[in-house]
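Asker: Everything in the sequence shown is counted per the numbering used here, starting at 2 for the first residue and increasing by one.
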Amino acid sequence: MIIYKTEAEVAKMKEAAMLVSKTLTEVAKVLKPGITTRQIDQLCADFIKQHHAVSSFLNYRGYPFTICSSVNDVVVHGFPNDTPLKNGDIVSIDMGVILDGWHGDHAYTFILGDAAPEVIELVKITKESLYKGIEKATVNNRIGDIAYAIQEHTEFKHGYGVVRELVGHGLGRSLHEDPQVPNYGKRGSGPKMKENLVLAIEPMINLGSKDVYTDDDGWTVRTRDGKPSVHFEHDVCIKRNQALILSDYSIIEAAEKANPHLNSSYY
Ligand code: MF3
Ligand code: CO
Numbered sequence: 002m003i004i005y006k007t008e009a010e011v012a013k014m015k016e017a018a019m020l021v022s023k024t025l026t027e028v029a030k031v032l033k034p035g036i037t038t039r040q041i042d043q044l045c046a047d048f049i050k051q052h053h054a055v056s057s058f059l060n061y062r063g064y065p066f067t068i069c070s071s072v073n074d075v076v077v078h079g080f081p082n083d084t085p086l087k088n089g090d091i092v093s094i095d096m097g098v099i100l101d102g103w104h105g106d107h108a109y110t111f112i113l114g115d116a117a118p119e120v121i122e123l124v125k126i127t128k129e130s131l132y133k134g135i136e137k138a139t140v141n142n143r144i145g146d147i148a149y150a151i152q153e154h155t156e157f158k159h160g161y162g163v164v165r166e167l168v169g170h171g172l173g174r175s176l177h178e179d180p181q182v183p184n185y186g187k188r189g190s191g192p193k194m195k196e197n198l199v200l201a202i203e204p205m206i207n208l209g210s211k212d213v214y215t216d217d218d219g220w221t222v223r224t225r226d227g228k229p230s231v232h233f234e235h236d237v238c239i240k241r242n243q244a245l246i247l248s249d250y251s252i253i254e255a256a257e258k259a260n261p262h263l264n265s266s267y268y
């Protein structure tokens, strides 16, 4: 069942989404070779607590951390750990909060220093594909229009692997609401969107094949071929002419640009 939000509810969801963006901005300030994803997890847990929110992820179906930190060949749902990040790594930080009963949930992929040019290009194209999808997130379009736009830009234009097993989703009082939002599909297919549907749109795009598997920990999703994967996610509210993006990459990007350890040369 698709749940449409009132204007007042959208305003509250904006607050939740912005808290996630602010937290990812704090992450962008401290990321550097040598830091561990466990330290990032602790920073995020502390930050959202200070802001009177709780984690959407912690204990969700038994998920044991505040963030998902997905490095290189990890697609999504990577556990924070004690392995120091190193020059050339890419890391997606995905985080959700519950603020006043409403969920925010988004992700950003950071590049530490000198990643291979083909990896930087994958990051660029995946981020672009998210905005191509968002362009289609308007009243009277269908979910398949978003899905196709993402697949066209990544798979058809650039030959990347679009992960099939994991999809975007509706967002609200629950982390995962209807409808599912795949990153592949046919134009004109799927549910028709009406005003004030809130979606988490999240392309997960592989440099190589689309095939993935889940580690023995039951969560960590990796590429089968071991090649890198990139994940970006925005929270958007469907509007008539243009979706309202509830999350805010501009503050994350400003911190990323100011951090000499992060590579933001691609945008
Ligand atoms: N952004 C992911 C999603 O929407 C993160 C979920 S991780 C979990 O599904 F820990 F909450 F499961
Ligand atoms: Co999500």
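Backbone N, C-alpha and C define an ideal beta-carbon position, used for all residues, glycine too. Given the structure is predicted, the values throughout are model-derived calculations rather than measurements.
Taking the beta strand (DSSP E) that ARG174 falls in, what are its first and last residues?
Answerer: Counting from 1 along the sequence shown, the entry for residue 174 is found at position 173. No beta strand (DSSP E) contains ARG174, which DSSP labels as neither H nor E.
Asker: If I measure Cβ to Cβ from ASP74 and keep anything under 7 Å in the same chain, skipping five residues before and after, which residues do I get?
Answerer: Taking the sequence shown and counting its residues from 1, the one referred to as residue 74 is at position 73. Here the set comprises ARG223, THR224, GLY227, LYS228, PRO229, SER230.
Asker: Give the straight-line distance between the Cα atoms of LEU208 and LEU245, rounded to the nearest whole angstrom.
Answerer: In the sequence shown, counting from the first residue as 1, residue 208 sits at position 207. In the sequence shown, counting from the first residue as 1, residue 245 sits at position 244. If you take the alpha carbons of LEU208 and LEU245, they lie about 30 Å apart.
Asker: Within the continuous alpha helix (DSSP H) that includes THR38, where are the two ends?
Answerer: Translated into the one-based positions of the sequence shown, residue 38 becomes position 37. That run of the alpha helix (DSSP H) goes 38-51.
Asker: May I ask you to report which of helix, strand or coil DSSP gives ALA201?
Answerer: Sequence index remark: in the sequence shown, residue 201 carries index 200 (1-based). Reduced to three states, the DSSP call for ALA201 is strand.
Asker: With which residues is GLY97 paired in a DSSP beta bridge?
Answerer: Counting from one through the sequence shown, the residue named residue 97 turns up at place 96. Partner(s): ASP106.
Asker: Which residue wins for smallest C-alpha separation from GLU156, given the options ASP146, GLU203, GLY171, SER130?
Answerer: One-based indexing of the sequence shown puts residue 156 at position 155. Of the listed residues, the one whose Cα sits closest to GLU156 is SER130.
Asker: Hey, LEU113 and PRO204: beta-carbon distance below 7 Å or not?
Answerer: Walking along the sequence shown from the start, residue 113 turns up at place 112. Walking along the sequence shown from the start, residue 204 turns up at place 203. Between LEU113 and PRO204, the C-beta spacing is not below 7 Å.
Asker: Roughly how far, in whole angstroms, is the beta-carbon of PRO180 from the beta-carbon of GLY171, given that I think they are within contact range, below 8 Å?
Answerer: By one-based count along the sequence shown, residue 180 stands at place 179. By one-based count along the sequence shown, residue 171 stands at place 170. That belief holds up - the Cβ atoms of PRO180 and GLY171 are roughly 6 Å apart, short of 8 Å.
Asker: Any heavy atom of ligand 1 closer than 6 Å to the beta-carbon of ASP212?
Answerer: Against the sequence shown, residue 212 aligns to sequence position 211. Result no, Cβ not under 6 Å from ligand 1.
Asker: Taking the alpha carbon of GLU282 as the point to measure from, which residue in PRO261, GLU254, GLN51, LEU247 has its own alpha carbon closest?
Answerer: Shown here, the chain extends from 2 to 268; a query on residue 282 therefore has no answer.
Asker: For ASN264, collect the residues of the same chain with a Cβ closer than 8 Å to its Cβ; drop the 5 residues on either side in sequence, then sort them by chain order.
Answerer: Position 263 of the sequence shown, counted from the start, is the residue given in the question as residue 264. Hits under 8 Å: ILE112, LEU113, GLY114, ASP115, ALA116, ILE121.
Asker: Quick check on LEU32: does DSSP put it in helix, strand or coil?
Answerer: Sequence index remark: in the sequence shown, residue 32 carries index 31 (1-based). LEU32: coil per DSSP, three-state reduction.
Asker: Is CYS69 near ligand 1 - that is, is its Cβ less than 6 Å away from at least one heavy atom of it?
Answerer: Within the sequence shown, numbered from 1, the residue matching residue 69 stands at position 68. Correct: CYS69 has its Cβ closer than 6 Å to ligand 1.
Asker: Tell me whether ALA18, by its Cβ, gets closer than 6 Å to a heavy atom of ligand 2.
Answerer: For this step, residue 18 is matched to residue 17 along the sequence shown. ALA18 Cβ: outside cutoff for every heavy atom of ligand 2.
Asker: In this structure, does DSSP put TYR214 in helix, strand or coil?
Answerer: Reading the sequence shown from its first residue, position 213 is the one you call residue 214. DSSP, read as helix, strand or coil, puts TYR214 in strand.
Asker: Taking the alpha-carbon positions, what's the VAL76 to VAL213 distance?
Answerer: As a first step, residue 76 must be located in the sequence shown, where it is residue number 75. As a first step, residue 213 must be located in the sequence shown, where it is residue number 212. In a straight line, the C-alpha of VAL76 is about 8 Å away from that of VAL213.
Asker: Between the alpha carbons of ASP217 and CYS69, how many angstroms are there, rounded?
Answerer: Position 216 of the sequence shown, counted from the start, is the residue given in the question as residue 217. Position 68 of the sequence shown, counted from the start, is the residue given in the question as residue 69. Straight-line spacing of the CA atoms in ASP217 and CYS69 works out to 16 Å.
Asker: For PHE233 and LEU123, what's the separation of their Cα atoms in angstroms?
Answerer: As a position in the sequence shown, residue 233 is number 232, starting the count at 1. As a position in the sequence shown, residue 123 is number 122, starting the count at 1. Each residue's alpha carbon lies about 11 Å from the other.
Asker: Among the candidates ASP42, THR26, GLY105, whose CA atom is the shortest distance from the CA of ALA12?
Answerer: What you label residue 12 is simply residue 11 of the sequence shown in a count that begins at 1. If we check each option's Cα against that of ALA12, GLY105 comes out closest.
Asker: Report yes if the CB atom of ARG174 is closer than 7 Å to the CB atom of GLY102, and no otherwise.
Answerer: On the sequence shown, position 173 is the one that residue 174 refers to. On the sequence shown, position 101 is the one that residue 102 refers to. Their beta carbons are under 7 Å apart, which means ARG174 touches GLY102 by this criterion.
Asker: Closest Cβ-Cβ distance between LYS13 and chain D: below 7 Å?
Answerer: The structure shown contains no chain D; it holds only a single protein chain.
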